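Chains as they are written, first to last, in my numbering: chain A, 1 to 305; chain B, 306 to 610. First up is the structure itself, then whatever we jot down about it.
Number of protein chains: 2
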Amino acid sequence: MDSIEKKLLHEIADLDRLPVGAYNIRLNGKPAARNNSANITIVSKTDEPGIDIYIQPNTVNESVHIPVILSTNGLKDNVYNDFHIGEGCDVTIVAGCGIHNCGSVDSQHDGIHTFYIEKNSKVHYIEKHFGEGSGQGKRLMNPTTIVHLGEGATMEMETTQIAGIDDTLRVVEADLADGASLNVNERIMTTGVQHAESKFKADLKGKDSSCNIVSHAVAKEKSNQHFISMLNGRNECKGHTECDSIIMDDAVVIASPQLAAYSTDAALIHEAAIGKIAGEQLIKLMTLGLTEKEAEEQVISGFLR
Amino acid sequence: MDSIEKKLLHEIADLDRLPVGAYNIRLNGKPAARNNSANITIVSKTDEPGIDIYIQPNTVNESVHIPVILSTNGLKDNVYNDFHIGEGCDVTIVAGCGIHNCGSVDSQHDGIHTFYIEKNSKVHYIEKHFGEGSGQGKRLMNPTTIVHLGEGATMEMETTQIAGIDDTLRVVEADLADGASLNVNERIMTTGVQHAESKFKADLKGKDSSCNIVSHAVAKEKSNQHFISMLNGRNECKGHTECDSIIMDDAVVIASPQLAAYSTDAALIHEAAIGKIAGEQLIKLMTLGLTEKEAEEQVISGFLR
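Written out as structure tokens, the structure is:
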């Protein structure tokens with residue numbers, strides 16, 4: 001790995017060296033490094049690009065890192081990663097993709113991640129998407145996350161895209177069995193003429209299943225964002241989605257949530273708010289000695305934390 | 306008018322006799338009675354069914370009643386009513402439609418109401434939709450309300466459909482100039498296998514324009530409801546929509562609101578909640594001596610007030 005690739009790895013996975021535990025590093029469309037652990041086995045797919053990750057039942061306090069790095073200009077990388085997580089696990093999975101594009105041709109990564117999470121397992125899933133490079137070529141990223149949550153299973157998902165992605169369609173689809181729960185925290189910032197679309201869909205099929213999706217987004221300059229969510233309550237369940245956006249400059253933000261109750265015992269709530277940073281907040285910070293620009297940045301970084 | 310027609314008139318317009326001021330009563334697809342006032346003139350359209358209502362500038366504390374009654378089975382009535390409201394008015398307009406259908410063929414009323422509200426005028430608009438009758442024929446009603454709000458103009462709209470309408474598509478579309486404001490209060494209840502769809506769209510074009518749409522809905526038995534709203538903030542403006550639904554029995558409720566901010570100075574908020582009546586509320590009322598059924602009815606009637 002050269003210094004650009006190492007920097008990307010740090011940005012998306014907080015890694016400055018090879019991680020402890022299982023990992024699979026994909027570099028410019030090819031597997032670059034892999035490690036299995038006693039309980040976690042990573043196998044390359046033979047019919048399509050990507051890997052199968054098998055996690056033994058009752059694996060606890062272990063992690064899997066599967067970062068993807070694109071530093072070759074103009075590469076289009078498409079990958080299918082399936083996670084098979086046995087019963088009773090408690091694991092952390094760190095994914096994410098970094099693109100460096102200094103060329104004139106677009107670079108693109110589409111990652112389709114499917115999770116099969118068995119009974120009573122807990123998964124903490126972290127993904128970061130990051131782009132950089134001064135070229136005319138765009139940096140495109142379309143992450144899809146499909147989550148099948150078994151009885152009593154839990155997923156905590158943190159998904160972040162703060163900088164450098166010109167266009168993205170981010171899809172999360174989940175179905176939840178009895179007692180399962182899904183928590184999603186999304187943080188997005190777009191600048192320039194970037195476009196970001198987030199699409200969430202959760203099918204609350206199981207009794208006592210629950211879902212909480214919170215998206216904090218900042219749209220600057222001439223960028224535009226579209227937030228779409230669909231919560232389907234099909235049993236005794238609780239669902240909540242929240243989309244808060246800060247809009248600046250000439251940006252456009254659209255929020256299109258949908259709640260659908262197909263059961264009397266479904267309790268569904270949605271909240272959305274779009275607005276600029278409150279003037280009082282800025283003034284307060286400016287009286288503490290910050291410039292307007294610094295005050296704005298402080299509010300935004302707090303909002304995206 | 307026979308007793309059935311008089312009862313409908315009471316239900317939809319609180320009228321037990323001819324109203325004071327201007328009115329136009331439409332009975333079974335034809336004008337039945339009309340009165341102009343010094344400031345309000347009602348003229349039949351010549352190119353399509355319906356009327357033009359002209360309200361002189363600076364008309365205050367006057368009212369127009371334009372109820373529609375359908376008691377002939379199997380009638381399909383389609384009517385275009387345009388309201389031309391001069392500057393500086395403060396008027397109340399009572400519309401609404403009652404259908405009595407004892408026959409085997411569907412009865413249907415589609416009313417398209419367009420409001421041209423000039424500078425600084427205030428309009429209080431009340432419409433009720435009501436159906437009854439024991440026949441197999443359905444009672445169908447599709448009210449459309451188009452509102453053009455001039456500078457500083459205001460509309461307060463109360464729209465209610467509590468009983469007896471088998472299928473309805475309720476459309477409200479508004480555009481707002483500088484300083485204009487729109488307030489909508491919707492109350493809907495569906496029972497049996499009824500279907501109701503409400504579609505709101507407000508274009509906040511003017512500086513300091515504002516919009517507040519609140520829908521309270523109750524869906525019982527096997528009925529289903531779909532609430533759709535679209536708030537477009539195109540200037541310094543404030544918009545708020547709220548959709549609260551009580552779901553009972555085997556009903557289905559879908560809420561699809563959308564916020565779109567095309568200006569940094571737009572502040573848009575949406576809230577939606579779907580759920581059943583809280584158990585504690587029922588228990589509290591039952592300790593006061595009400596049966597469960599009575600307690601439920603009391604909660605619903607409060608919610609729909």
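Every residue gets a Cβ at the ideal spot worked out from N, C-alpha and C, and that includes glycine. Treat the numbers as computed from the prediction; the structure is a model and nothing was measured.
Judged by beta-carbon spacing, Gly74 (chain A) lies beyond the 9 Å limit of His100 (chain A), meaning their Cβ atoms are not closer than that value. Exclusion of the five residues before and after Val399 (chain B) leaves Ala318, His370 and Ile431 as the residues of its chain whose Cβ lies within less than 6 Å of its Cβ. The beta-carbon separation of Ser515 (chain B) and Lys543 (chain B), rounded to 4 Å, stays under the 8 Å limit for a contact.
Straight-line measurement puts the Cα of Asp77 (chain A) at about 49 Å from the Cα of Met553 (chain B). Between Ile55 (chain A) and His84 (chain A), the CB-CB gap stays under 9 Å. Sequence-ordered contacts of the stretch 553-567 of chain B with chain A read Met553, Asp554, Asp555, Ala556, Val557, Val558, Ile559, Ala560, Ser561, Pro562, Gln563, Leu564, Ala565, Ala566 and Tyr567 [C-beta pairs closer than 8 Å].
Residues of the same chain with a CB within less than 6 Å of the CB of Val604 (chain B), apart from the 5 flanking positions on each side, are Ile582 and Gln586 in chain order. In terms of beta-carbon proximity, Ser550 (chain B) lines the interface with chain A, with at least one pair separated by less than 9 Å. At a cut-off of 9 Å between beta carbons, Ala338 (chain B) makes no contact with chain A. According to DSSP, residue pairing for Gln161 (chain A) in a beta bridge involves A:His129 and A:Ile188. Look at the stretch 575-604 of chain B: the residues with a C-beta under 9 Å from a C-beta of chain A are His575, Glu576, Ala577, Ala578, Ile579, Gly580 and Lys581.
Thr351 (chain B) and Gly484 (chain B) have their C-alpha atoms roughly 35 Å apart.
Rounded to the nearest whole angstrom, the C-alpha separation of Leu474 (chain B) and Thr592 (chain B) is 40 Å.
The three-state secondary structure of Ala571 (chain B), taken from DSSP, is strand. Between the C-alpha atoms of Cys89 (chain A) and Leu268 (chain A) there is a straight-line separation of about 29 Å. Per DSSP, the unbroken beta strand (DSSP E) holding Leu332 (chain B) starts and ends at Ala327 to Leu332. By the criterion of a C-beta distance shorter than 6 Å, Lys199 (chain A) is surrounded in its chain by Val171 and Ile228, once the five residues flanking it on both sides are discounted. Secondary structure remark: continuous beta strand (DSSP E) runs of at least 3 residues inside the stretch 518-579 of chain B, in chain order: 529-538, 542-552 and 557-566. In this structure Asp321 (chain B) is exposed. Its beta-carbon is surrounded by fewer than 16 other beta-carbon atoms within 10 angstroms. What Ala572 (chain B) touches in chain A, judged by beta-carbon distance under 9 Å, is Ala273, Ile274, Gly275 and Lys276, going in chain order. Only buried fits Leu509 (chain B), as 16 or more other CB atoms lie within 10 angstroms of its CB. Exclusion of the five residues before and after Tyr23 (chain A) leaves Asn35 and His65 as the residues of its chain whose Cβ lies within less than 6 Å of its Cβ. In this structure, the CA atom of Asp549 (chain B) is about 49 Å from the CA atom of Gly29 (chain A). In the DSSP assignment, no residue is bridged to Arg322 (chain B). In the DSSP secondary-structure assignment, Phe303 (chain A) is not bridged to any residue.
DSSP places Ala482 (chain B) in the coil class of the three-state scheme, outside both helix and strand. If you ignore the 5 residues before and after His575 (chain B), its C-beta comes within less than 7 Å of the C-beta of Thr546, Pro562 and Leu564, all in its own chain and listed in chain order.
Around the beta carbon of Leu536 (chain B), 16 or more other beta carbons lie within 10 angstroms, which makes this residue buried. Between Val105 (chain A) and Gly137 (chain A), the CB-CB gap stays under 9 Å.
As the crow flies, the alpha-carbon of Val184 (chain A) is around 11 Å from that of His216 (chain A). Just so you know, the alpha carbons of Gly416 (chain B) and Ala577 (chain B) end up roughly 28 Å apart. Under the 10 Å beta carbon count, Leu445 (chain B) is surrounded by 16 or more other beta carbons and is classified as buried.
In the DSSP assignment, Ile283 (chain A) falls outside any beta strand (DSSP E) and within the unbroken alpha helix (DSSP H) covering Gly279 to Thr287. None of the residues of the stretch 163-193 of chain A has a beta carbon lying less than 7 Å from any beta carbon of chain B. For Thr569 (chain B), the neighbours in chain A by C-beta distance under 8 Å run, in chain order, Ile247, Met248, Asp249, Asp250, Ala251 and Lys276. Taking CB atoms only, Gly233 (chain A) has a neighbour in chain B less than 9 Å away.
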